[in-house]
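Trainee:
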Amino acid sequence: MGTVKCIRSPKDLEKLREEIKSKRKPSKSSVSVCVSTGCVALDASKVKEAFIAELEKQGLKDQVEIKETGCLGFCEQGPRVTIYPEEICYFKVKPEDAPEIVSKSILEKKVVERLLYKDPATGKGVQKLEDIPFYKYQRRLLLENNAKIDPKNIEDYIALGGYSALAKVLFEMTPEQVVEEVKKSKLRGRGGGGFPTGLKWETTRNAPGEPKYVIVNCDEGDPGAFMDRSLMEGNPHSVLEGLIIGAYAIGANEGFVYVREEYPIAVENISTAIRQAEEYGLLGEDIIGSSLSLRVKVHKGAGAFVSGESSALMTAIEGKVGEPRPKYVHTAVKGLWDKPSLLNNVKTWASIPLIVLKGAEWFRSIGTQGNSGTMIFSLVGKVNNTGLVEVPMGITLRDLIFKIGGGIRDGKKFKAVQIGGPSGGFIPEQHLDIPVDYDELVKVGSMMGSGGMVVMDEDTCMVDVARYFVDFLLEESCGKCIPCREGLRVLSSILSDICAGKGKSEDIQTTEEIAETMREALLCALGRTAANPVLTSLKYFRDEWEQHIIEKRCPANVCKALIDFYINPEKCQACLLCLKECPAGAIQGDKDQVHWIDQEKCIKCGTCYEICNFQAVKKLSGEPIPPPPKGMKPIRKLKGEN
Amino acid sequence: MKKVITLQIDDKEVKAEEGITILEAAQHAGVEIPTLCWYEGLEPYGACRFCSVEIEKRGRAQVVASCCYPAEEGLKVKTRSPKIVKIRKIIIELAATSAGEDVSSKMRALASEYNADLSRFRSKAPLSPTKCILCGLCVRRCIEANWESAIGFIGRGIYRCIALFPEKAGLCSTCSYCRDVCPTGRTCSTFGPRPPFPRVDDVLAGRK
C-alpha cells in the first residue's frame with residue numbers, strides 16, 4: 006500500500022498514482038484470470054488456484070503476478086486468462102492447462118495455440134482480443150478496464166487514472182458547470198428510458214427540498230441480461246466515481262447503491278469499493294480535502310423485477326414493498342422520502358467520469374446525433390457469439406447480430422430479435438437495418454430497455470415466445486393496477502389456449518384490445534411495455550397466430566399440442582436408440598425392424614428427435630401422420646444377447 | 362392564497378387551485394369522472410386506472426390517471442373520448458375477471474354505462490370469484506383510522522390479496538370503516554358488527 010493513504014488534495018492523488026505506477030514494472034509478467042460470475046461458474050477459481058500452485062512449483066511466485074479481474078463479455082468462451090505484457094488471451098482454460106501456459110507463455114514467451122480463440126472464418130487461432138471478430142466491431146468505453154483491474158483493489162483503478170475526474174470536478178468546476186457538461190454530452194439514461202441525463206441532473210439540482218439523494222440502480226432483472234452486473238463486478242469504482250460527481254453536481258450528501266441480492270459478487274465488490282474509497286479519503290467527509298461529504302450505503306434488493314422501476318426502487322429503499330407510485334411529479338423533484346433524488350443506471354454513472362475527463366465533445370463524437378456514446382448489450386439466443394457487447398449508438402442491428410454475433414447458429418435463418426428485456430418488442434428481418442438507438446427502436450415497437458438482446462431463429466414460435474414473456478411478466482407484475490394484473494392474467498390464459506390448439510377466432514382481437522389498454526392506461530413503465538412482445542408478435546407475425554388458431558398448426562414446430570413426432574421409415578436404421586430412450590415406451594420396432602411411434606402413448610417430450618443419429622425423427626404439424634409401416638411383425642421380446 | 366390556474370376539461374374552461382388533481386378539478390366543475398379506487402379524503406392510489414383521462418400538454422397527447430395527475434395551467438383534458446371509453450370498458454371487464462359476476466351495484470351500473478360484459482373474461486380466471494378488486498381502499502382507510510394498518514397486501518401479481526397481519530390484529534378497532542369504503546361490497550356482505558379478529562383475514566382476502 007502507498008505511503009499516502011488519506012488523500013487530502015489533488016496533489017496527493019497524483020502523488021499516490023505515481024507511487025503505484027513506479028512500483029509496477031510494465032514488463033513484469035502477469036496472469037489475469039476472470040473471476041466474474043460467468044467464468045466462476047465455469048470453474049475459474051480452480052484455474053486461478055492451479056496457476057498459483059504452478060508458479061510456486063516453478064519458483065516464479067515473486068516474478069509473476071496473478072490478477073483477479075472482471076468480465077470481458079465473451080462468457081461462453083470462459084474461463085478467460087490473459088497473459089501480460091504480451092496480451093495473449095486464452096479461452097476455455099482448464100486448471101490442467103496452467104503448467105503448459107506457465108512454462109510456454111511466461112518462461113519461453115511462446116503462444117499455446119490450442120487455447121487461443123479460433124476464428125471460425127479462417128480456422129486460425131487469434132492472439133489479441135481486438136482481432137477476435139466478436140471484439141473487432143465493438144467500442145469498449147465502459148468495459149475496457151474490466152480486464153485490467155482487480156475490482157477489489159482501488160490502487161488498480163487509481164493507477165489507470167481513476168478518480169482524476171472527481172478531483173477535476175471538485176477543484177476546477179462548479180456544480181453548474183458539471184451539469185452543463187453532462188447536458189452537452191447528450192448522454193441519455195442507460196436504464197432504458199433514454200431520458201436526457203443532464204436534464205435530470207439539472208431538475209434535481211434546482212428542485213427545492215433538502216436533503217437530496219443520489220442513487221445507483223443496479224436492479225437488473227431481465228432474463229439473460231448481465232451488463233450492469235459485469236460493470237458492478239468488474240469496475241465498481243467507475244460507478245462510484247460517477248456517483249460522487251453526481252452528488253457534487255446536485256448537492257447531495259447521501260447516496261444509495263441498490264443492488265440485487267442475487268448478485269453476491271457485485272454486492273461484495275461495491276461494498277469493498279466503498280470501504281476502500283473511504284479509507285483513501287475519496288468518499289466520506291471532506292472528499293479529497295474539498296468541502297464535499299458523501300455517505301453511500303448499499304441496499305440489497307429482495308428480488309422483485311419491478312423494483313428496477315425508479316419509483317418502486319425508491320419505495321423499496323424506504324423500507325416498504327417495492328411498488329411503483331405515480332410519477333406525474335418526477336422523482337427528480339419528489340423521490341426518495343419525497344425529496345429530490347437523482348437515480349441513474351449503473352452504465353449512466355460509469356459514463357460520467359469519462360465525460361468529465363475527455364469532454365462532452367468527445368462523448369458526442371461517438372454514436373449518432375441525439376444518441377451519443379456507447380451502449381452495452383447482452384447478446385444472447387441463437388447467435389454464434391453470445392456475451393456482452395459494447396457498441397456505439399446507431400450501429401445497425403444487422404451488424405450487431407451478424408458481424409459481432411457471428412450470425413445465426415447452425416446456419417439457420419434469422420427470425421426476430423427481442424430488445425430491451427422481457428417487455429421489449431420483437432423486431433423482424435425487415436427492420437434489421439435500422440440504427441440501434443432510443444428513438445428508432447421505439448418506432449418499430451420495441452425499446453432500448455436496459456440492453457437485453459435475444460436473437461431468435463426459424464425454430465422459434467412467435468406465439469409461444471410471446472406466451473413465455475407474458476408469463477414472466479405475470480410472475481413479476483406487482484399486482485397493483487387492475488389492467489396489468491388482470492390483463493396479463495387474461496393474456497396468459499389466451500396465449501396458453503392458442504398454443505394448446507384451443508384458440509378461438511376472436512382471440513386476436515381480444516388480445517389487441519387488452520394489450521392496447523395496458524399500453525395506454527398503466528401506471529409504470531413495466532406495465533405500459535408489458536404488452537410489447539404480444540403487440541409486436543401480432544404486428545409482424547400475425548400469420549403465425551392465424552395458423553395456430555385456424556389451421557391448428559405450429560409452423561415452427563414448437564407448440565407441443567400442435568405437433569406430432571413421426572419416424573421416417575426411409576431414414577430409420579432400426580438402431581434401437583430411441584426405442585430404448587423413450588420414457589413413455591411409445592416407440593415400437595425391433596433390431597431389424599423400422600421403428601414407429603405409437604401416438605397414443607407419445608408424450609411429445611422430443612427425446613427421440615434429439616438423440617436420433619440419422620435425422621429420421623420428424624416433427625409434423627397440421628398434417629396427417631402416415632400410418633406405421635405395413636407388414637410389421639408383433640414386437641419380439643429382446644433376448645439376452647441383444 | 363393559493364394560485365388559481367385555468368385548464369380545459371371537455372372543452373369547458375375550468376378554474377382550479379394549484380396543487381389539486383384533475384379529478385378534483387373536474388368534480389368542482391361538475392364534470393363526472395368515474396372511479397373505483399379513489400375515495401374523498403384518502404391519499405390517491407392510482408391502481409384501478411378507471412379514472413383515466415386523455416390530456417394534451419405541449420402538443421403531446423397522453424392517457425393519465427386523473428386521481429393522481431396534478432391540474433396544470435393550460436392543460437386540455439378529455440374525460441370521455443372514444444379512446445377513454447374503450448379503456449374503461451376493458452378495465453371494468455378485467456376487474457370482473459377475478460371479482461366474479463356478483464359485483465356491487467356500482468360496478469354493475471358502470472358496466473352497463475360502458476357496455477361492458479362482466480363475464481367476458483370470466484372463463485380465464487382459474488380462481489373462485491372473490492368480489493375483491495384489490496383497490497386497496499380498505500387498507501388506506503385503515504391507515505387513516507388507526508395510523509397504521511391492521512390489514513395489507515400480501516403476494517405479488519395475480520397472487521396479490523389482502524390479509525390481516527396477525528401481529529397487528531390488536532390495531533383493529535372494529536370501526537368497520539373499511540367496509541364503508543369498499544366499492545365492490547365485498548367487505549360489507551359478510552363483515553359483521555364485531556367479528557372475531559381472525560375472520561377479517563378470511564373475509565377480506567377471500568382467497569384461501
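Read top to bottom, the protein sequences are chains C and S. Under this note's numbering, residues 6 to 647 are what the first sequence spells out, in order. Under this note's numbering, residues 362 to 569 are what the second sequence spells out, in order. Built from N, CA and C at the ideal position, the CB exists for glycine as well.
Taking the alpha-carbon positions, what's the C/A164 to C/A55 distance?
Mentor: For this step, residue 164 of chain C is matched to residue 159 along the first sequence. For this step, residue 55 of chain C is matched to residue 50 along the first sequence. Their backbone Cα atoms lie some 28 Å apart in a straight line.
Trainee: Across which residues does DSSP place C/P397 in a beta bridge pair?
Mentor: In the first sequence, the residue the question calls residue 397 of chain C occupies position 392. C/T379.
Trainee: In chain C, which residues lie less than 7 Å from S/V424 when you measure between Cβ atoms?
Mentor: Position 63 of the second sequence, counted from the first residue, corresponds to residue 424 of chain S. Chain C residues near S/V424: E525, A526.
Trainee: Going by the beta-carbon positions, is the gap between C/V98 and S/L455 smaller than 8 Å?
Mentor: Here the question's residue 98 of chain C lines up with position 93 in the first sequence. Here the question's residue 455 of chain S lines up with position 94 in the second sequence. Not a contact, by the Cβ cut-off of 8 Å.
Trainee: If you run the structure through DSSP and keep just helix, strand and coil, what is C/Q143?
Mentor: Against the first sequence, residue 143 of chain C aligns to sequence position 138. Coil, per DSSP.
Trainee: What residue range is occupied by the uninterrupted beta strand (DSSP E) comprising C/G306?
Mentor: Locating residue 306 of chain C in the first sequence gives position 301, counting from the first residue. C/G306 -> beta strand (DSSP E) spans 300-306.
Trainee: On the DSSP bridge list, what partners appear for C/P440?
Mentor: In the first sequence, residue 440 of chain C corresponds to position 435, counting from 1. Note: C/P440 sits in a beta bridge opposite C/T401.
Trainee: Should C/L543 be flagged as near chain S, meaning a C-beta pair shorter than 8 Å?
Mentor: Reading the first sequence from its first residue, position 538 is the one you call residue 543 of chain C. Not an interface residue.
Trainee: Taking just the CA atoms, how far does S/G531 sit from C/A566?
Mentor: Start at 1 with the first residue of the first sequence, and residue 566 of chain C comes out as number 561. Start at 1 with the first residue of the second sequence, and residue 531 of chain S comes out as number 170. Going by the C-alpha atoms only, they are around 53 Å apart.
Trainee: Which residues in the same chain as C/G627 place their Cβ atom closer than 6 Å to its Cβ, once the five residues preceding and following it in sequence are excluded?
Mentor: Indexing the first sequence from 1 puts residue 627 of chain C at position 622. E556, R558, listed in sequence order.
Trainee: Can you give me the C-alpha to C-alpha distance between S/E528 and S/K492, rounded to a whole angstrom?
Mentor: Translated into the one-based positions of the second sequence, residue 528 of chain S becomes position 167. Translated into the one-based positions of the second sequence, residue 492 of chain S becomes position 131. So the two alpha carbons sit approximately 26 Å from each other.
Trainee: Would you tell me roughly how many angstroms separate the C-alpha atoms of C/N211 and C/P31, rounded to the nearest one?
Mentor: The residue given as residue 211 of chain C occupies position 206 in the first sequence. The residue given as residue 31 of chain C occupies position 26 in the first sequence. If I take the Cα positions, the gap works out to 47 Å.
Trainee: From this set, S/I512, S/I519, S/Y538, which residue's C-alpha is nearest S/F526's C-alpha?
Mentor: For the purposes of this step, residue 526 of chain S is taken as the residue at position 165 of the second sequence. It is S/I512.
Trainee: From C/L171 to C/N258, what distance separates their C-alpha atoms?
Mentor: Residue mapping note: residue 171 of chain C aligns to position 166 of the first sequence, counting from 1. Residue mapping note: residue 258 of chain C aligns to position 253 of the first sequence, counting from 1. Roughly 15 Å separates the two Cα atoms.
Trainee: The segment 428-459 of chain S: which residues have C-beta closer than 8 Å to a C-beta of chain C, in chain order?
Mentor: Cβ contacts with chain C: C429, Y430, P431, K444, K447, I448, I451, I452, L455, A456, T458, S459.
Trainee: For C/M380 and S/L397, what's the separation of their Cα atoms in angstroms?
Mentor: The count along the first sequence starts at 1 and reaches residue 380 of chain C at position 375. The count along the second sequence starts at 1 and reaches residue 397 of chain S at position 36. Computed Cα separation, rounded: 42 Å.
Trainee: Using the beta-carbon count (16 or more within 10 Å), is C/F619 buried or exposed?
Mentor: The residue given as residue 619 of chain C occupies position 614 in the first sequence. Exposed.
Trainee: If we count Cβ pairs, one from each stretch, closer than 8 Å, do we get three or more for the segment 566-575 of chain C versus the segment 518-529 of chain C?
Mentor: The answer is no - the segment 518-529 of chain C does not touch the segment 566-575 of chain C, with fewer than three Cβ pairs under 8 Å.
Trainee: By the three-class DSSP mapping on this structure, what secondary structure does C/E518 have?
Mentor: On the first sequence, residue 518 of chain C is found 513 positions in, with the first residue counted as 1. In this structure, C/E518 counts as helix in the three-state DSSP scheme.
Trainee: At a cut of 8 Å, does the segment 427-443 of chain C reach the segment 384-394 of chain C through at least three beta carbon pairs?
Mentor: No, they do not touch.
Trainee: Just to confirm my understanding: we take C/A307, look at its own chain, exclude 5 residues before and 5 after, and list those with CB closer than 8 Å. What are they?
Mentor: For the purposes of this step, residue 307 of chain C is taken as the residue at position 302 of the first sequence. Result list for C/A307: E266, A321, G327, in chain order.
Trainee: Is the Cβ-Cβ distance between C/P269 and C/P156 less than 8 Å?
Mentor: As a working mapping, residue 269 of chain C is identified with position 264 in the first sequence. As a working mapping, residue 156 of chain C is identified with position 151 in the first sequence. Not a contact, by the Cβ cut-off of 8 Å.
Trainee: Could you tell me whether any Cβ in chain S is nearer than 8 Å to the Cβ of C/E628?
Mentor: Counting from 1 along the first sequence, the entry for residue 628 of chain C is found at position 623. So no, C/E628 is outside the interface.
Trainee: Using the Cα positions of C/V251 and C/C613, report the straight-line distance between them to the nearest angstrom.
Mentor: One-based indexing of the first sequence puts residue 251 of chain C at position 246. One-based indexing of the first sequence puts residue 613 of chain C at position 608. Checking the displayed sequence, the identity of residue 251 of chain C turns out to be Gly instead of Val. Approximately 58 Å between the Cα atoms of the pair.
Trainee: Can you check which of these residues, C/K114, C/K609, C/L148, is closest to C/Q132 by C-alpha distance?
Mentor: Within the first sequence, residue 132 of chain C is the residue found at index 127, counting from 1. Per the Cα distances, C/K114.
Trainee: Which class does S/V500 belong to by DSSP, given the choice of helix, strand or coil?
Mentor: The count along the second sequence starts at 1 and reaches residue 500 of chain S at position 139. The answer is helix: DSSP assigns S/V500 an H, G or I state.
Trainee: Under 9 Å between beta-carbons, which chain S residues line up against C/E238? List them in chain order, please.
Mentor: Taking the first residue of the first sequence as position 1, residue 238 of chain C is located at position 233. Those within 9 Å of C/E238 in chain S number zero; the least Cβ separation is about 28 Å.
Trainee: When you compare only the Cα positions, how much space is there between C/E91 and C/K153?
Mentor: Counting from 1 along the first sequence, the entry for residue 91 of chain C is found at position 86. Counting from 1 along the first sequence, the entry for residue 153 of chain C is found at position 148. Computed Cα separation, rounded: 13 Å.
Trainee: Going by other Cβ atoms of all chains shown within 10 Å of its Cβ, with 16 needed for buried, is C/Q593 buried or exposed?
Mentor: Here residue 593 of chain C refers to the residue found at position 588 of the first sequence. Answer is buried; the Cβ neighbour count reaches 16.
Trainee: For C/M461, which of helix, strand or coil comes out of DSSP?
Mentor: Indexing the first sequence from 1 puts residue 461 of chain C at position 456. If DSSP states are grouped into helix, strand and coil, C/M461 belongs with the strands.
Trainee: Select from C/D291, C/V303, C/M178, C/S296 the residue whose C-alpha is nearest the C-alpha of C/R280.
Mentor: For the purposes of this step, residue 280 of chain C is taken as the residue at position 275 of the first sequence. The shortest C-alpha separation from C/R280 is found at C/V303.
Trainee: Could I get the ranges of all uninterrupted alpha helix (DSSP H) runs contained in the segment 262-287 of chain C, with 4 residues as the minimum, in chain order?
Mentor: You should have 269-284.
Trainee: When the Cβ atoms of the segment 135-143 of chain C are set against those of the segment 400-415 of chain C, are three or more pairs found closer than 8 Å?
Mentor: Yes, the segment 135-143 of chain C touches the segment 400-415 of chain C.
Trainee: Beta carbon of S/A486: closer than 7 Å to some heavy atom of the ligand NAD?
Mentor: The model on display carries no ligand, and the ligand NAD is accordingly not part of it.
Trainee: Name, going along the chain, the residues of the segment 486-509 of chain S whose beta-carbon falls closer than 9 Å to a beta-carbon of chain C.
Mentor: Of all residues in the segment 486-509 of chain S, A486, P487, I494, L495, C496, G497 have a Cβ within less than 9 Å of some Cβ in chain C.
Trainee: Which complete alpha helix (DSSP H) runs does the segment 88-147 of chain C hold, if anything under 4 residues is left out?
Mentor: Fully enclosed alpha helix (DSSP H) runs of 4 or longer: 138-141.
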